[in-house]
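Chains V and E are the protein sequences, given in the same order.
In this text, residue positions in the first sequence follow the numbering used here: the first is -1, and each later residue adds one.
In this text, residue positions in the second sequence follow the numbering used here: the first is 384, and each later residue adds one.
Using N, Cα and C, we set each Cβ at its ideal position, and we do this for glycine too.
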Amino acid sequence: MDYKPIKKVISGNYAAAYAAKHARVEVVAAYPITPQTSIIEKISEFIANGEVENLQYVPVESEHSAMAACIGASATGARAFTATSAQGLALMHEMLHWASGARLPIVMVDVNRAMAPPWSVWDDQTDSLAQRDTGWMQFYAENNQEVYDGVLMAFKVAETVNLPAMIVESAFILSHTYDVVEMIPQELVDEFLPPRKPLYTLTDFDNPIAVGALGTPADYYEFRYKIEKAMEEAREVIHKVGREFGEKFGRDYSQMIELYRTEDAEFVFMGLGSLMGTVKQAVDVLRSEGYKVGAAKVRWFRPFPKEELYELAKHVEGIAVLDRNFSFGQEGILFNEAKGALYNTDAKPIMKNYIVGLGGRDFTVSDVRKIAENMKKIIESRKLDREIEWYHLKR
Amino acid sequence: MDTPFGERKSDAQRIAFKSVDEYPEAPISLGTTLINFTGDWRTFIPVVDDEKCVKCYICWKFCPEPAIFIREDGYIGIDYDYCKGCGICANECPTKAITMVKEEK
Ligand code: SF4
Ligand code: SF4
Chain V
-1 MDYKPIKKVI SGNYAAAYAA KHARVEVVAA YPITPQTSII EKISEFIANG
49 EVENLQYVPV ESEHSAMAAC IGASATGARA FTATSAQGLA LMHEMLHWAS
99 GARLPIVMVD VNRAMAPPWS VWDDQTDSLA QRDTGWMQFY AENNQEVYDG
149 VLMAFKVAET VNLPAMIVES AFILSHTYDV VEMIPQELVD EFLPPRKPLY
199 TLTDFDNPIA VGALGTPADY YEFRYKIEKA MEEAREVIHK VGREFGEKFG
249 RDYSQMIELY RTEDAEFVFM GLGSLMGTVK QAVDVLRSEG YKVGAAKVRW
299 FRPFPKEELY ELAKHVEGIA VLDRNFSFGQ EGILFNEAKG ALYNTDAKPI
349 MKNYIVGLGG RDFTVSDVRK IAENMKKIIE SRKLDREIEW YHLKR
Chain E
384 MDTPFGERKS DAQRIAFKSV DEYPEAPISL GTTLINFTGD WRTFIPVVDD
434 EKCVKCYICW KFCPEPAIFI REDGYIGIDY DYCKGCGICA NECPTKAITM
484 VKEEK
């Protein structure tokens, strides 16, 4: 941990761009979309200024093509990176399955943006969570520092298990808000993240291969199982890489769920991404007022940290799941996952789903306090008033 | 028998994996397509008239299998084990040297 970080005041998007640069990405293919655009603009600037040596930027006509280009590049063994948001991510959907199916460790930053209509450029997690079943790992960043650290770790994890990874940050709250980010000197990043060792490469001309071959009913099944094995292995790799990152650079990410003041907590707030920064601040305020509360920030949504959730759930009476997203016809997506993960266990905390902040609706410390008051009542009476609460709804 | 491309058709083997561990990690070339005798699919068979052929090899370029090869005398040959009878060669041939004929099986 004896190193001098490079401190810069930068946006979440610039943190992503610098991380891609420090990861020595070799191919970037992307299509502009607000609020992601400044990531690839910054990367283009690195190239124009001659600040990067071996980086090909591929301008494409759509996000679908952006991911297709990354897949081609990654299949040659290159380290590929892209970034997108909302409708752009949705347009990539087909290719997301392709990337994981062909076992290519592409890293992408998704800047969470609400799906249209109505048109919105503001923060909402439904775009990335709707890609839940594509075989991509997903890491949700709380702040700009985590965007930077997340991209570096994602490459290492992805290239170990040969699956793609998505680093998710919030529209504007992180993407365009400037904050201090401690960056790591290049030679130390190089030590942490050595060049990629691909599973296969299209450019091995002595051993020509076809990628994405036909899988008849006799073979398809086994390849799907292998993806799931890799996801399971990823849990261990994430713990290991997160610990190594902490030892080397002072910020530990060994836990897939970051626990904040949860020891002796009666109930906890659980959620993803930047809104958990607000929640942590609220926890400090509530603690000073006598509430026994804590925060559980789910860093990795895929693979889902079910064991860590179980360990937490065993020791608390209630979990308030804050979802800045919604799965129509059911409930908040994190709530759905968390409830499901606990069903066959002996941990049975009272769980309530609060739908907050959709489309960038402001979510503040005083909102967390109101939710805490509601949760306290529920736990004292041991009676759930309702399972899903559209918290901000104008009534 | 050898293919016109030098590989032995008899060497082509269907790969069957018995356990999940035998599979490659990613779905890459599980074997050779030499085992797929796509000639089975054919309804119409291309017949070449060497007298009309000007050796432009347009058919050779367009055949999707590829089933067309160039013979030693410079004319084209068709490997009917793999020619699936799509008719692209006949359509592309500028001198109409290839005709598609209903195949009697
Ligand atoms: S396209 Fe027609 S003329 Fe040209 S090589 Fe083939 S058969 Fe001959
Ligand atoms: S009919 Fe189709 S498959 Fe057969 S030789 Fe012509 S182009 Fe090739």
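- The contact set of valine 105/V on chain E, defined by CB atoms closer than 7 Å, is empty, because the minimum CB distance reaches about 18 Å.
- In the same chain as arginine 300/V, and ignoring 5 residues on each side of it, the C-beta atoms closer than 6 Å to its own belong to Met135, Gln136, in chain order.
- With a threshold of 6 Å, the Cβ atom of cysteine 466/E does not count as near ligand 1, since no heavy atom of the ligand is closer than that.
- In the three-state reduction of the DSSP assignment, leucine 257/V falls in the strand class, which pools E and B.
- For threonine 478/E, the Cβ falls inside the 6 Å cut-off from some heavy atom of ligand 1.
- When C-beta distances to chain V are compared with 7 Å, the residues of the segment 405 to 430 of chain E below that value are Tyr406, Glu408, Ala409, Pro410, Ile411, Ser412, Leu413, in chain order.
- Under the three-state reduction of DSSP, lysine 401/E is assigned to coil, being neither helix nor strand.
- Judged by DSSP secondary structure, phenylalanine 221/V falls within the alpha helix (DSSP H) whose first and last residues are 218 to 247.
- At least one heavy atom of ligand 1 is found less than 6 Å from the C-beta of isoleucine 441/E.
- Judged by beta-carbon spacing, methionine 113/V lies beyond the 7 Å limit of methionine 93/V, meaning their Cβ atoms are not closer than that value.
- Taking 7 Å as the CB threshold, leucine 161/V stays off the interface with chain E.
- By the CB criterion at 7 Å, alanine 370/V and tyrosine 258/V fall outside the cutoff.
- For the pair arginine 397/E and lysine 227/V, the Cα-to-Cα distance works out to about 26 Å.
- For glutamate 306/V, no beta strand (DSSP E) segment is defined; the enclosing uninterrupted segment is the alpha helix (DSSP H) at 304 to 312.
- Within the same chain, Cβ atoms closer than 7 Å to the Cβ of phenylalanine 445/E are found at Ile471, Cys472, Glu475, the five residues on either side in sequence being excluded.
- For tyrosine 16/V, the enclosing alpha helix (DSSP H) has its first and last residue at 10 to 20.
- If you ignore the 5 residues before and after glycine 75/V, its C-beta comes within less than 7 Å of the C-beta of Arg194, Pro196, Thr199, Thr201, all in its own chain and listed in chain order.
- With contacts defined by Cβ atoms closer than 7 Å, valine 314/V and phenylalanine 265/V form a contacting pair.
- The beta carbon of valine 56/V lies closer than 6 Å to those of Ala27, Ala67 in the same chain, with the five residues before and after it left out.
- Contact with chain E is absent for leucine 200/V, since none of that chain's Cβ atoms lies less than 7 Å from the residue's Cβ.
- Residue-level contact check: phenylalanine 203/V does not touch chain E, since none of the beta carbons of chain E fall below 7 Å from its beta carbon.
- Residues of the same chain with a CB within less than 8 Å of the CB of histidine 174/V, apart from the 5 flanking positions on each side, are Ser9, Gly10, Asn11, Pro33, Ser36 in chain order.
- Relative to ligand 2, glycine 470/E has its C-beta within less than 6 Å of a heavy atom.
- Taking a 10 Å sphere around the C-beta of glutamine 328/V, we find fewer than 16 other C-beta atoms and assign the residue as exposed.
- Under DSSP, the beta-bridge partners assigned to aspartate 108/V are Thr82/V, Val166/V.
- Excluding five sequence positions before and after valine 363/V, the CB atoms of its chain that fall closer than 8 Å to its own CB belong to Thr276, Gln279, Ala280, Val283, given in chain order.
- Inclusion of leucine 127/V and asparagine 323/V in the CB contact set at 7 Å is warranted, their separation being smaller than that value.
- Interface with chain E (7 Å Cβ-Cβ cutoff): glutamate 92/V is excluded.
- Put simply, the segment 114 to 125 of chain V does not touch the segment 207 to 224 of chain V. Fewer than three CB pairs are less than 8 Å apart.
- At a C-beta separation below 9 Å, valine 484/E has no neighbours in chain V, since its nearest C-beta there lies roughly 30 Å away.
- DSSP places leucine 186/V in the uninterrupted alpha helix (DSSP H) bounded by 184 to 190.
- Within chain V, Glu220, Tyr223, Lys224 have C-beta atoms less than 8 Å from the C-beta of valine 403/E, given in sequence order.
- Bounds of the alpha helix (DSSP H) holding methionine 151/V are 142 to 159.
- Among the CB atoms of chain E, one or more fall inside 7 Å of the CB of leucine 197/V.
- Taking 7 Å as the cut-off, the beta carbon of threonine 478/E is found no closer than this to the beta carbon of valine 430/E.
- Collapsing the DSSP output to three states places glutamine 136/V in a strand.
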